[in-house]
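Just below is one structure, and these are the notes that go with it.
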Amino acid sequence: MKGDARVVADLNRYLSFELTGHRQYLLHAAMCRHWGFERLARIQDAYSAEETQHAARIAARILMLGASALPEELRTIAGAPTVPEQLALDRALVHDAALHLRAAVERAEGCADYVSRDLLREMLDDEERHEHWLDTEIGLVSSLGLENYLQAQLRD
Ligand SMILES: [Fe+2]
Ligand SMILES: [Fe+2]
2 MKGDARVVAD LNRYLSFELT GHRQYLLHAA MCRHWGFERL ARIQDAYSAE
52 ETQHAARIAA RILMLGASAL PEELRTIAGA PTVPEQLALD RALVHDAALH
102 LRAAVERAEG CADYVSRDLL REMLDDEERH EHWLDTEIGL VSSLGLENYL
152 QAQLRD
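Residues in the sequence shown are numbered from 2 upward in steps of one, following my numbering.
So, in structure tokens, the structure goes:
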């Protein structure tokens, strides 16, 4: 089965987002655990694992379309040095991924590749949930104050 080149390019671009997210959240989880913020560490670990699964599904779809899974050069990740900066960095990544997905879903639809469209739409659903979670946490940092917020991250 031969996929449309634009759909393959969109899938590969998204693969790059997912592999970047996987590494970024893994690093943030390790840092949070090191600081003693066990709740955040567990959640970051779960997001990192989710990205691995997403990346595997995207790669499988690219191969099914008769193409090579060649993600764009991996984006640079820099483990942000504080919890609020980690949340902001993650939010920026998730937001960019969601923007890309919205356009990619439309292009897959235009190419009548409904399976890729549905897969990308499912990924978009997860990105939107992740973005909502990040917005909630960022909101809590400002409503509770950083000290109170961090206090609540010590235990899971
Ligand atoms: Fe993602
Ligand atoms: Fe994902």
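From the three backbone atoms N, C-alpha and C, an ideal C-beta is built for every residue, glycine too.
Can you grab the Cα-Cα spacing for the pair E123 / E52, in whole Å? Computed Cα separation, rounded: 13 Å.
From A42 to A56, what does the alpha carbon distance come to, in whole angstroms? 21 Å
Indicate whether L28 and G111 have their beta-carbon atoms separated by less than 8 Å. no
Could you tell me which of A105, E138, T77 and R40 sits nearest to A6, measuring between CA atoms? For A6, the nearest C-alpha among the options comes from A105.
Coarse secondary structure for I139, derived from DSSP in three states: DSSP places I139 in helix when its eight states are reduced to three.
Check: E51 C-beta below 7 Å from any heavy atom of ligand 2: yes
If you draw a straight line from the C-alpha of L1 to the C-alpha of H23, how long is it? Any question about residue 1 goes unanswered here, given that the chain covers just 2 to 157.
Measuring CB to CB, does E86 end up less than 8 Å from N13? no
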